[in-house]
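Down below is the structure, laid out as structure tokens.
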Amino acid sequence: MLVCCGLVTLDVVQVVDAVPGPNQKVVADGLDVRFGGPAANAAATAVALGVRTRLVTAIGSGPVADLVRGGLRDAGVEVVDLAAGTAATPPVSTVLVTRGTGERAVVSVNGAGTPDLTVAVGAALAGGVPHAAGARPGDAAVRPSDPVPGGPGVLAGATAVLVDGHHLGAAVPLAAAAHAAGVPVALDGGSWKPGLGDLLAHVDHAVVSADFRLPDVPGPAHDVKAAATAPEAGRPAGPDPDALLAAVLARWPVRSAARSAGGGPLRYVERGGEVREVPVEEVPAAEVVDTLGAGDVLHGALAASLARGAGVAEALAEGVRVATRSVRYPGALGWAEERGGDRLTRTDTAEGAARTRTSGV
1 MLVCCGLVTL
11 DVVQVVDAVP
21 GPNQKVVADG
31 LDVRFGGPAA
41 NAAATAVALG
51 VRTRLVTAIG
61 SGPVADLVRG
71 GLRDAGVEVV
81 DLAAGTAATP
91 PVSTVLVTRG
101 TGERAVVSVN
111 GAGTPDLTVA
121 VGAALAGGVP
131 HAAGARPGDA
141 AVRPSDPVPG
151 GPGVLAGATA
161 VLVDGHHLGA
171 AVPLAAAAHA
181 AGVPVALDGG
191 SWKPGLGDLL
201 AHVDHAVVSA
211 DFRLPDVPGP
221 AHDVKAAATA
231 PEAGRPAGPD
241 PDALLAAVLA
251 RWPVRSAARS
261 AGGGPLRYVE
271 RGGEVREVPV
281 EEVPAAEVVD
291 TLGAGDVLHG
301 ALAASLARGA
311 GVAEALAEGV
321 RVATRSVRYP
331 GALGWAEERG
341 GDRLTRTDTA
351 EGAARTRTSG
361 V
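Residues 1 to 361 (full-length UniProt numbering) make up the sequence shown, in order.
Here it is in structure tokens:
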């Protein structure tokens, strides 16, 4: 059993030939509306790989919440909604995917208006899942029958935990409880966020992106990518990747630290060991359809492997393998839908015709 804790969004994805400039309008020739967010995509990835998964998040109420909740249910993800019965609603992300390159531009509020979840997650950890998928506000707590490991309540049966750095009021106590119970905790470190250090104190395996940097390391994070692709531009290279991994190991009691680099090799180091690489299969540019959510897929596959009892090296290799496959398909979960039929609710439009299909993970 994998437990994921973090952000879920409603993603409105449009495919364009080029991202519009100031005061410019463009016509999209593809539309996809479905749930997204790092923890949610990772949870659906793990389910697609055959691992039972529970998502601890904040969904709330209203039409957007209903769409998100239904999509997660159809994907086979067990949901614990810490914001059930409140006026909270999932953030909406607007995503533009460039046809021909698969690159994406994202605008999102990342759940900034979500209420504090500390009390709600405390109740969930203490002995019940207060608002699981299918439950309504006011229903009695849903208590899972799974035995320890993981402890009572929301961690019952857990063999691995994945946190994405969002909803820290819930993530920190949940990670602390899992860590204390001996359940491995992995971090999807997309970017540094205030309070992330408190979470890292309870993380076993930190996997950060090329955009991640510690707040006291100079240089914009995106310069790391820019320098790698266009060193002649003279942009500062930003923090050295291996130095970043060493800093994470030095400052927090993590067992391993890893850094992904898009299409480049993933570098990782285990405590007391040397920096190693996980090679990434090169995907020809003509075969890249969409890079949206590839990092989420990596973390979901990694966490699923940890939940099965794999070591970190094996889990990282599995994450890279599945993420590399994913960029050949539209969306974060297109690879799973192609493999296993369709269950996820999707809305597609092409040449002005809208159609709804049920897609499956």
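Note that CB positions come from ideal geometry on N, CA and C, so glycine has one too.
Fair warning: this is a prediction, and the values are worked out from it, not measured in the lab.
Nearest neighbour of residue i, chosen from the options [CA to CA]
i      : options                           : result
Ser305 : Val51, Leu125 and His179          : Val51
Leu249 : Arg276, Thr324 and Ala206         : Ala206
Leu125 : Ala257, Val172, Ser260 and Leu49  : Val172
Val119 : Gly76, His167 and Arg99           : His167
Glu338 : Ala65, Gly157, Ala257 and Ala48   : Ala48
Gly153 : His179, Gly30, Ser61 and Val121   : Val121
Asp29  : Ala310, Asp17 and Gly319          : Asp17
Ala4   : Gln14, Pro38, Gln24 and Pro22     : The amino acid at residue 4 is misidentified as Ala; the sequence shows Cys. Per the Cα distances, Pro38.
Ala317 : Asp290, Ser260, Trp335 and Gly334 : Ser260
Gly62  : Asp74, His179, Arg251 and Pro91   : Pro91
Ala336 : Gln14, Ala75, Gly165 and Asp32    : Ala75
First and last residue of the uninterrupted beta strand (DSSP E) at residue i
i      : result
Val95  : Val92 to Thr98
Glu314 : Here Glu314 belongs to no beta strand (DSSP E); instead the alpha helix (DSSP H) covers Val312 to Ser326.
Arg276 : Arg276 to Val278
Leu2   : Leu2 to Cys5
Arg54  : Thr53 to Thr57
Extent of the continuous alpha helix (DSSP H) to which residue i belongs
i      : result
Pro38  : Pro38 to Ala48
Val66  : In the sequence as presented, Val is not what sits at residue 66; that position holds Asp. It spans Pro63 to Asp74 - the alpha helix (DSSP H) in which Asp66 sits, taken as one unbroken run.
Gly272 : From DSSP, Gly272 is part of no alpha helix (DSSP H); its letter is neither H nor E.
Gly189 : Per DSSP, Gly189 belongs to no alpha helix (DSSP H); it is in the beta strand (DSSP E), Val185 to Gly189.
Thr118 : Thr118 to Gly127
Val172 : Leu168 to Ala180
His299 : Ala294 to Ala307
Neighbourhood of residue i by C-beta distance below 6 Å, restricted to the same chain and skipping five residues each side
i           : result
Val148      : Reliability of the predicted coordinates at Val148 is poor, the pLDDT of 34 falling under 50, and the value obtained from them is presented with this limitation in mind. Hits under 6 Å: none found.
Thr114      : Ala58 and Ala88
Leu281      : With the sequence shown as reference, residue 281 is identified as Glu, and Leu is not the correct amino acid for it. So the qualifying residues of the chain are Thr324.
Ala221      : Any reading at Ala221 is ruled out, since the residue's pLDDT is 43, under 50, leaving its predicted position unreliable.
residue 410 : No answer is possible for residue 410: it lies beyond the span of the chain, which begins at 1 and ends at 361.
Ala158      : Met1, Val3, Gly150 and Val183
Per-residue burial, residue i [other beta carbons within 10 Å of its own, 16 or more giving buried]
i           : result
Val109      : exposed
Val56       : buried
Arg343      : Annotation note: pLDDT 36 at Arg343 (below 50); position unreliable, coordinate value reported separately. By the 10 Å Cβ count, Arg343 comes out buried.
Glu78       : buried
Glu274      : exposed
Val101      : It should be noted that the sequence gives Thr, not Val, for residue 101. Flag for Thr101 reads exposed.
Arg271      : exposed
Ala160      : buried
Asp240      : exposed
Pro284      : exposed
Glu277      : exposed
residue 362 : Residue coverage of the chain in this structure runs from 1 to 361, which leaves residue 362 outside it and unanswerable.
residue 362 : Outside the shown range of the chain (1 to 361) lies residue 362, about which nothing can therefore be said.
Residues near residue i in its chain [Cβ-Cβ closer than 8 Å; skip 5 each side]
i      : result
Ala332 : Gly36, Asn41, Ala44, Thr45, Leu292, Gly293, Ala294, Asp296, Val297 and Ser326
Val288 : Thr101, Gly102, Val327 and Arg328
Leu117 : Ala58, Leu82, Ala83, His167, Gly169 and Ala170
Short CB-CB distance (under 8 Å) between residue i and chain D
i      : result
Asp240 : Reference to chain D is not applicable here, since this structure consists of a single protein chain.
Check: residue i C-beta below 7 Å from any heavy atom of the ligand FMN
i      : result
Ala317 : Ligands displayed in this structure: none; no statement on the ligand FMN is therefore possible.
Same chain, Cβ closer than 7 Å to residue i, neighbours up to 5 away in sequence not counted
i      : result
Val254 : Leu200, Val203, Asp204, His205, Ala206 and Val248
(message) For the pair the segment 296-310 and the segment 24-43, tell me if three or more CB-CB distances fall below 8 Å.
(response) yes
(message) When you compare the segment 252-267 with the segment 3-11, are there three or more beta-carbon pairs, one atom per stretch, that lie closer than 8 Å?
(response) no
(message) Three or more C-beta pairs under 8 Å: does that hold for the segment 186-197 against the segment 66-81?
(response) Two segments are said to touch when three or more pairs of C-beta atoms, one from each, lie closer than 8 Å; by this definition the segment 186-197 does not touch the segment 66-81.
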